[in-house]
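A short worksheet on the structure shown next.
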Amino acid sequence: MRVILPPSETKSDGGKGAPLDLDTLVFPELNPIRKQIGEALVALAADLDASCKALGLGRTQLAEVDRNAELWISLTRPAIERYTGVLYDAFDYASMTRATKAKVAGRVMIGSALFGVVGAGDLIPAYRLSGGSKLPGMRTIAATWKPELSHSLDAVDDFVVDLRSGVYHQLGPVRGAVTATVVTEQPDGSRSVVSHFNKHHKGLIARELVRTRRTVRDINALAAVLSDAGQRIEIDGPDRIVVVTD
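Below, the structure written as structure tokens:
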């Protein structure tokens, strides 16, 4: 089983790893696109105003431009430790045992506007680029990644649970992958899709899927693992589960 997480806008600082080496990342066939986007991002960093416009940054976020300028020379850390925020707090990698962390390295991948997708253990620097961005002189990020990213992910010979949302899913949909929708149910039975807590519950889903000792090869086994962990799960078709919250 493989689990694909969304990235986050917020990222941790620093690191102890050597500067970025694209050849060490998963799916090396994606490196020409990674290099193209990376070089465009570094070049953009030379123009502060253009960076703010293209990346949607405010004046309190200028440090993000400095991160991009040092993309090729800054220190790195594992991707699962680089990304932060609500989903990653719920996933709580730091609290996992050594054996579970080994499972994370083998099972978890993370979507990325810059890298397309990275393995949980891939060493990456801090950077700022979202899936909805458009860098000067280039197509949109989505158009840049299509269809190459899907080709690479479709070649994964495993059951895939794709927890990416919105534009990151569109960068490279995975044929046959199971996706998850989080809804809240009111006392009258009405339901609505949640936003903020969507990330929290997807973090919990991913955590259970790396902790389980069961072999998960289909949507029924997936639902069983999550149900046994206390989540209310409904199967909505061959490739979608619904997580129901109060």
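Under the working numbering, think of the first position of the sequence shown as 132, with each following residue one higher. Glycine included, each C-beta is placed from N, C-alpha and C at the ideal position.
As assigned by DSSP and simplified to three states, the class of residue i
{"i": "Thr275", "result": "helix"}
{"i": "Tyr258", "result": "coil"}
{"i": "Val196", "result": "helix"}
{"i": "Ala355", "result": "helix"}
{"i": "Ala337", "result": "helix"}
{"i": "Arg348", "result": "coil"}
{"i": "Ile204", "result": "coil"}
{"i": "Ala360", "result": "coil"}
{"i": "Val287", "result": "coil"}
{"i": "Ala230", "result": "helix"}
{"i": "Glu316", "result": "strand"}
{"i": "Arg295", "result": "coil"}
{"i": "Ala185", "result": "helix"}
{"i": "Glu365", "result": "strand"}
{"i": "Ser243", "result": "strand"}
{"i": "Leu266", "result": "coil"}
{"i": "Arg133", "result": "strand"}
Residue environment, residue i, which counts as buried when at least 16 other CB atoms sit within 10 Å
{"i": "Arg338", "result": "buried"}
{"i": "Ile168", "result": "buried"}
{"i": "Asn351", "result": "exposed"}
{"i": "Glu195", "result": "buried"}
{"i": "Ser205", "result": "buried"}
{"i": "Lys330", "result": "buried"}
{"i": "Ser264", "result": "buried"}
Under 7 Å between C-beta atoms of residue i and residue j
{"i": "Ala274", "j": "Ser261", "result": "no"}
{"i": "Leu294", "j": "Lys333", "result": "yes"}
{"i": "Ser139", "j": "Arg213", "result": "no"}
{"i": "Gln362", "j": "Val373", "result": "no"}
{"i": "Gly242", "j": "Pro137", "result": "yes"}
{"i": "Met240", "j": "Ile135", "result": "yes"}
{"i": "Leu151", "j": "Pro267", "result": "no"}
{"i": "Arg133", "j": "Asp289", "result": "yes"}
Residue-chain proximity (residue i, chain C), Cβ-Cβ < 7 Å
{"i": "Trp276", "result": "As a matter of chain content, chain C is missing from the structure shown, which is built from one protein chain."}
Next on the checklist: Restricting to runs no shorter than 4 residues, where is the alpha helix (DSSP H) found entirely within the segment 142-181?
Outcome noted: Here the runs fully enclosed are 162-175.
Checklist entry - If you pair each beta-carbon of the segment 190-202 with each one of the segment 300-319, do three or more pairs fall below 8 Å? => result no
Item to check | Touching by the beta-carbon criterion (3+ pairs, under 8 Å), the segment 285-304 and the segment 180-195 | outcome: no
Checklist entry - Between the segment 230-249 and the segment 278-286, are three or more C-beta pairs nearer than 8 Å? => result yes
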